[in-house]
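Going down the list, the sequences are from chains A and B.
No gaps in the numbering here: position 136 of the first sequence is 136 in the working numbering, and each next residue is one more.
Counting the second sequence from 1 gives a position; the working numbering is that position plus 256.
Some notes on the structure that comes next.
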Amino acid sequence: MTGLPILEIKKISKSYGAVKAVNNVSLHVDRGEIAGLIGPNGSGKSTFFDCSTGLQKPDSGTVKLDGQDITGWSLNRIAREGRMLRSFQKTVVFKALDVEENLVIAGQMFTFPSLLSTFGIGRMSKQRISGLRDRARELIKMAGLWDVRHQPAGNLSGGQQKLIQFASMLMPEPKIILLDEPMAGINPKIIERVIETILYANKSLGVSFLVIEHNIDVVTSICQRVVVLDQGRKLVEGLPHDIVQDQRVREAYLGG
Amino acid sequence: MSLAKAAQQEHRRDLRIPLAAILVVVALAAPFIGSRYVTHSLIIALIFMLPAHGLNLLVGYTGLLSLAQAAFFGIGAYTAGLLAVNYGTPFYMNAAAAGLLAGACALPLGVPALRLRATSFVMCTLGFVIIGQAIAKNWISVTRGDMGLSAIPKPHFALGPLSFTVSGTTSFYYMALAIGALSTLAVWMIVRSPAGRNMIAIRENETLAESLGVPTWRYKLIVFIISAIFAGVGGSLYVHYLTVVSPLTFQMYYSTTMLIIVLGGGAGTISGVVFGSLLFVGLTEALRITPELRMVAYGLCLLVLVFWFKKGFAPVINRFWDTIGGTK
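Now the structure itself:
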C-alpha cells in the first residue's frame, strides 16, 4: 500500500467569462476512502467534477490519478485508461436498451484491446462478451434488478435507473467513482439500497469514492471526510461531524 | 384436440423457414418471372441498397444524419468509370478502388465535419455533394466535364487466362444480387459486433457512452468511412450498369433517395433497408413507364409513411415475421 492518494487534484480553476465557477480548488481522495463534496447550489461542485473527469477543460491546475498526470485527457480516455468513472446528476441510462445491454455496453471498452477489435465477431469476441454478460448478471443481482433485467431501462423508476447507472459504473472494475448527487429525487427505500451498494463496492471491491450530495444524513453516514465548496472556493475540509457543526458552513448555506 | 393444436402450432412455427426459402427462390428466379423491365428495376434497387446500407449504419445505428452519400456514390462511380475506360481493369478491381477512394475521401471530410454539431454537420455533408458535382463538372481533363464518361465497358472479370463479361441484364442481376447479399451480410456482422453495440450507445446518449470509455469521435469517423465505402462500391456497380456517368450523379436527389430508403424502410434495421430499397427505388423505377403518375405515387408513399409508419416499415415486417413464426 502506497500512501499516495488515488486522486489528487491541485489548484483547479475554471471561469465562464467574468464568473469564476471554480477558483483554485485542491482536493484529494485517499485509496479506499469515501470522500464527500458539499456546498450550496452554484458553489461550483459540478463544474469541479466536470473539470476533473475531462468533460470540461480546466483553465489551470492539474489532475493526478493513481500517480499519473491525466490533466487534459478526454472523458472517454479517463474512463477507459484511468478507470475513473463518473455519474451524472440527471439519471442517465440508455433508455431504449434493456438493463443487461446497459451493463454490457458499460464493460465493453475494458475487455477489448483495441477499437478495431470491437468490430470482430469471432470466437474471441464471443467469449469476451459472454464474460461481460456473466459479470453484468452478477451486478444486476447485487443491485436487485434481476426481475427487470430484460426490460428497457427507460421503463423503470428513477431509483432503479440510478441503480442501473451505478451497476454500469462497476462493470469496468473502476479504481474510483465520482458520484454527482446519487440520491437526488429518489425515494428513501432506494436511497438505502444505493448506500448499500456504495458500501459494498467500497468494502468488497476496493473502489474509492468522491460523492457530491445534498442529503446531509447520507454524507455523514458514508463519508469519511468532507470538503465544502462555497462560491467556487474551498471553504473548509474535515470530518463529517465537525463540518456539520462548523459556523462557516452554516453561514454559507444560510447566508447565501 | 390438443394434438391437433400442437400440430397447428408446429405448423405455424415452421412458416418462417418456408417463407425465407420462397423469398430466396423468388430472388433467384426473378429475371425469369418478370419482364426485363422488372429485372432492370430490381438491379437499380440492389445498386441503391449499398449506399443505403452504409447510410443506415450512420443514421440508423450511430445517429448521425448525413446527406453526403451521393457524393461518395459519385466518387465511386467516377473512380470505377475512369479505371474501366482508361485502363480496362477488371470489375472487382474497379469496385475495390471505388470503395477505397470513397472511404479515403471520407477521412479528410469527416475529421473536421464530425466536430460540428448535428445540424451543422448535415449542412456540411450537403456541401460535399455540391463540391463533388463542381469538381466533376470542371475538372474537364479527367472527367470530361458535363459530357461525362460514356462507353464504359460492362463489368468483366479476369483471372489469368479466364475472363468473363457480365453483358446481359439477367447476368448483371445475379452479380448485383450477390453483391447485395454480401453487403447485407457485412452490415449484419458489423451490427452484431461489440462495435455495433457501441454505435447504438452513441446514438442513444453520446455523453453517457463517452463516460463509459467509448471513444465516440473515433467510432463516428470509422462509421462515416465505412458508410462511404458502401456508397463507393454502389457507385461502381451503378456506372458499370448504366455504362455512362455524368456530374448529375452528384445530386441531392440521390442523397435524399438513400435517406428515404433508410428512414422509410426503418432506420436501425437491416430488413427495413432491404425492403426500403425494393419499395422506393424498385417502385419509382418501375413507375417510369408512367412519368406523370410516378412522382405522385412517390409523394403518396412518403405521406403514408409520415402519417402511419413513423418508424418505417421495419416494425410491420418484424410483427409479420413474429406472427408467422407463432411467437404471438
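Backbone N, C-alpha and C define an ideal beta-carbon position, used for all residues, glycine too.
Asked	Found
Nearest to Ile545(B) (by Cα), restricted to the options Val294(B), Ala277(B) and Ile516(B)	Val294(B)
Per DSSP, cross-strand counterpart(s) of Gly238(A)	Val226(A)
Contact with chain A by Pro450(B), beta-carbon distance below 8 Å	yes
Same chain, Cβ closer than 6 Å to Ser87(A), five either side skipped, listed in chain order	Gln165, Leu179 and Asp180
Bridge partner(s) assigned by DSSP for Lys20(A)	Ser15(A)
Contacting residues, own chain, Cβ-Cβ under 6 Å from Pro58(A) (five flanking each side not counted)	Ile12, Lys14 and Cys51
As assigned by DSSP and simplified to three states, the class of Pro152(A)	strand
Exposure of Glu100(A), with buried meaning 16 or more beta-carbon neighbours within 10 Å	buried
Completely contained alpha helix (DSSP H) runs for the region 156-188 of chain A, where each covers 4 or more residues	158-170
As assigned by DSSP and simplified to three states, the class of Asp98(A)	strand
Proximity of Val63(A) and Ile9(A) at Cβ, strictly below 8 Å	yes
Alpha carbon of Gly61(A) to alpha carbon of Gly36(A), nearest angstrom	21 Å
Extent of the continuous alpha helix (DSSP H) run through Ala327(B)	Gln325 to Tyr343
Distance between beta carbons of Val500(B) and Ser406(B), contact taken as under 8 Å	5 Å
Residue-chain proximity (Val104(A), chain B), Cβ-Cβ < 8 Å	yes
Under 8 Å by beta carbon: chain A residues contacting Glu460(B)	Phe94, Lys95, Ala96 and Leu97
Nearest residue (CA-CA) to Leu163(A), options Ala21(A), Ala201(A) and Ile6(A)	Ala201(A)
Runs of alpha helix (DSSP H) lying entirely within the region 459-510 of chain B, each at least 4 residues, in chain order	462-467 and 472-498
Beta-bridge partners of Asp69(A), as assigned by DSSP	Lys64(A)
Closest Cα partner of Pro409(B) within the set Gly521(B), Asn350(B), Ala276(B) and Tyr317(B)	Asn350(B)
Candidates Ile186(A), Arg135(A), Gly185(A) and Pro152(A), of which the one nearest Ala167(A) by Cα	Arg135(A)
Endpoints, alpha helix (DSSP H) assigned at Leu433(B)	Thr425 to Arg448
Segment contact flag, the region 346-362 of chain B with the region 481-496 of chain B, C-beta cutoff 8 Å, min 3 pairs	yes
Nonlocal neighbours in the same chain, by C-beta distance under 6 Å from Met1(A), ignoring five residues either side	Summary for Met1(A): the model assigns pLDDT 47, below 50, so the residue's position carries little reliability; its value from the coordinates is reported in the next sentence. So no residue of the chain qualifies.
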